[in-house]
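Down below is the structure, laid out as structure tokens.
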Amino acid sequence: MLCVSRVFNLESFLMNPAALSIQGLVKIHPGPVCALRGIDLEIPEGMFGLLGPNGAGKSTFMNIVAAIVEPTAGRVLLDGVDIVADPRHMRSRLGYLPQDFGFYPDLSGRAMLEFMLQMKGINGPRGRRALADDLLGRVNLSAAAGRKVGGYSGGMRQRLGLAQAIAGDPRVLIVDEPTAGLDPEERQRFHRLLAEMSTGRVVLLSTHIVDDVATLCPRLAVIRSGQVVADTTPSAARRAVDGVIHEGFVADATMPEFASRHRVLSATLDEGRNNRVRVFVAPGRVPPSGFSPVVGTLEDAYLVLMRCPPAEVPASLTRAAETVGGAA
Ligand SMILES: Nc1ncnc2c1ncn2[C@@H]1O[C@H](COP(=O)(O)OP(=O)(O)O)[C@@H](O)[C@H]1O
Ligand SMILES: [Mg+2]
181 MLCVSRVFNL
191 ESFLMNPAAL
201 SIQGLVKIHP
211 GPVCALRGID
221 LEIPEGMFGL
231 LGPNGAGKST
241 FMNIVAAIVE
251 PTAGRVLLDG
261 VDIVADPRHM
271 RSRLGYLPQD
281 FGFYPDLSGR
291 AMLEFMLQMK
301 GINGPRGRRA
311 LADDLLGRVN
321 LSAAAGRKVG
331 GYSGGMRQRL
341 GLAQAIAGDP
351 RVLIVDEPTA
361 GLDPEERQRF
371 HRLLAEMSTG
381 RVVLLSTHIV
391 DDVATLCPRL
401 AVIRSGQVVA
411 DTTPSAARRA
421 VDGVIHEGFV
431 ADATMPEFAS
441 RHRVLSATLD
451 EGRNNRVRVF
461 VAPGRVPPSG
471 FSPVVGTLED
481 AYLVLMRCPP
491 AEVPASLTRA
501 AETVGGAA
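If you're matching positions, the sequence shown starts at 181 in the numbering used here and goes up one per residue.
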């Protein structure tokens, strides 16, 4: 009883119905490198996107939530239970597809999966082989079950990784940059599988690809240099940049000078000479001449958070009213 009360925080759970509660998370790696600078997030069931560039701290965050790495400070509560104090509570409820997933190229997909199930100590009612075959079916790999993993495409490998992650019906599914390097068709296929698997559980998806989040996640946090710079929803983020994104053309030769005077979000070469440029124009500022307002996208919102000084970022972009901890 004493042990249970040590790790289960009733007061915190009652005040906070989020499945996963992250409080004041700090991680200082040897170096020292401060990878997380005090992260607070309330994560409900369903898909939750953690969006940020390389080096932002996403994998560090995922590894701590997965109870693989200990934080320097802060707490992680799963359904009210502190998993830093009781890592087994998370580990026994977790499916994890890490960013760097090791494969044995000479094993068949089925043998590899059976091996991973054995490592995790998971057996099915009809045996491990039957469970492996069920899981391969769920990730559309039945036809390739007998082929060597070494010959699998990137998307097939990720689906095999997902098969081991969902074994045992975990409460929390963590997938760290699962779509990096996949072609568009494989990404879409992986998206569909993830969406199917998000019912009744927490799915944490980290990515640097805005489209992954736009397609899949009703909730997202944007992380930059170890800090949450937005805790929002895709539609709220789009609304927050409504009216502040303008588009126009700039000759390639004048681009550096233009970029020094305006908040350029993106510039793509158009027919090799002109740049089609999107800029952020803070409320009250005058847009560049010849530029017109365009409908803002989640990509625009993300780039505003990455490229503009915090003082210029619209407050409604950093925290949406409809998030668990957001203002009413
Ligand atoms: N084991 C480690 N030792 C030292 N520094 C680390 C370690 N892991 C990550 N880092 C550093 O922490 C920061 C965040 O890294 P990471 O969590 O991998 O970010 P992301 O997954 O967003 O790319 C980076 O500066 C990275 O170099
Ligand atoms: Mg990473």
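Using N, Cα and C, we set each Cβ at its ideal position, and we do this for glycine too.
Since this is a predicted model, take the numbers as computed values, not measurements.
query                                                                                                           : result
At least three beta-carbon pairs within less than 8 Å, the region 280–299 to the region 321–330                 : yes
Sheet register partners of Q222 (DSSP bridge)                                                                   : Residue identity differs from the one stated: residue 222 is Glu in this sequence, not Gln. Paired residue(s): S201.
Pocket of ligand 1 (residues with CB nearer than 6 Å to any heavy atom), chain order                            : H209, P210, G211, V213, A215, G232, N234, G235, A236, G237, K238, S239, T240
Buried or exposed by the 16-neighbour rule on C-beta atoms within 10 Å, applied to H426                         : buried
Cα-Cα separation between V402 and G232, rounded to whole angstroms                                              : 6 Å
Proximity below 8 Å, CB of A481 to CB of A439                                                                   : no
P489, DSSP secondary structure in three states                                                                  : coil
Residue environment, A198, which counts as buried when at least 16 other CB atoms sit within 10 Å               : buried
Own chain, CB closer than 8 Å to V393, minus 5 neighbours either side, in chain order                           : G229, L231, L385, T387, L400, P414, L478
Check whether G204 and G254 have beta carbons under 8 Å apart                                                   : yes
Three-state secondary structure assigned by DSSP to H371                                                        : helix
Contact check, L258 vs M242, beta carbons under 8 Å                                                             : no
Check: Q368 C-beta below 7 Å from any heavy atom of ligand 2                                                    : no
Rounded C-alpha distance that separates A347 from S239                                                          : 22 Å
E357: CB within 7 Å of a non-hydrogen atom of ligand 2                                                          : yes
Secondary structure of T434, DSSP reduced to three states                                                       : helix
Alpha helix (DSSP H) segment containing D313, residue limits                                                    : 308–318
C-alpha gap between D356 and R443, whole angstroms                                                              : 31 Å
Simplified DSSP state of N243, which is helix, strand or coil                                                   : helix
Residue closest to T434, alpha-carbon to alpha-carbon, out of V424, L449, D422                                  : L449
Extent of the continuous beta strand (DSSP E) to which S496 belongs                                             : That residue, S496, is in no beta strand (DSSP E); its alpha helix (DSSP H) goes 495–498.
CB-CB length for H371 against L340, believed under 8 Å                                                          : Actually they are not in contact, since the Cβ atoms of H371 and L340 sit about 17 Å apart, beyond 8 Å.
Those residues which DSSP pairs with T477 across a bridge                                                       : DSSP, once it has assigned bridges, lists no residue as partnering T477.
Residue interval of the alpha helix (DSSP H) (run including L396)                                               : 390–396
Q279 Cβ short of 7 Å to ligand 2 heavy atom set                                                                 : yes
Cα-Cα separation, R441 to I389                                                                                  : 28 Å
Status (buried if at least 16 other CB within 10 Å, exposed otherwise) for G335                                 : buried
Spatial neighbours of R273 in its chain, beta-carbon cut-off 8 Å, leaving aside the 5 residues before and after : L258, P350, R351, V352
Rounded C-alpha distance that separates A507 from R453                                                          : Unreliable placement is indicated for A507, whose pLDDT of 39 sits below 50; no coordinate value is reported for it.
Per-residue burial, M181 [other beta carbons within 10 Å of its own, 16 or more giving buried]                  : For M181, the pLDDT reaches just 40, beneath the cut-off of 50, and the residue's location in the model is therefore unreliable, although a value from the coordinates is still provided. Per the 10 Å Cβ criterion, exposed.
Alpha-carbon spacing of L497 relative to V249, whole angstroms                                                  : 31 Å
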